[in-house]
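Structure first, then comments.
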Ligand code: HEC
């Protein structure tokens, strides 16, 4: 009994480790920027909105709440650096949102918003050198979540 509980815990840790480092193993996929938008899904498939909500509010992933007020009532202290993100699904097309998550600097070179899907970032934690902050799947999940906010 005790033994199987221990095993389950060890398994849980292994799985959590695999998830939090998922972005590291990934090569960047190629994608096309068309007029400041990315029309095609990075994974070739629609994202999972529920997973995207979790990625957006995860402090070690999207951390969107550091800079944006969003309709996430369970977390306090949303940041005010960026504009409130209340109805992105009505304000933007999916292609426009994908561009802003992948690399907002294509739209505004001076933006403080991180480029979430880009290599060669400077002055980042060692584990992020040469790897994107979010995986292609996580980008698509966040885009799918934003599209639900209309
Ligand atoms: C370090 C701060 C910061 C973080 C973290 C951040 N953003 Fe932003 N974001 C900004 C700023 C500042 C802008 C304003 C546009 C600009 O600077 O060009 C912006 C703009 C946007 C816009 C366009 C809004 C508009 O009305 O123009 C969207 C959508 C957006 N962010 C979504 C996100 C999402 C989703 C996340 C998390 C995955 C995120 N942002 C993380 C700072 C941030």
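Numbering (this note's numbering), first residue to last: 151 to 300.
Note that the Cβ used here is the ideal one computed from N, Cα and C, for glycine as well.
Listed in chain order, the non-local C-beta contacts of residue 249 below 8 Å within the same chain comprise 183, 186, 187, 188, 256, 257, local neighbours out to five positions each way being set aside. Checking the DSSP bridge columns, you'll see residue 187 partnered with 184.
Residue 250 has its Cβ nearer than 8 Å to a heavy atom of the ligand HEC.
Approximately 11 Å separates the beta-carbon atoms of residue 207 and residue 218; this is outside 8 Å, ruling out the contact. Judged by the Cβ position, residue 238 qualifies as a neighbour of the ligand HEC at the 8 Å threshold, a heavy atom of the ligand being closer than this.
Taking all protein chains shown into account, residue 260 has fewer than 16 neighbouring C-beta atoms within 10 Å of its C-beta and is therefore exposed.
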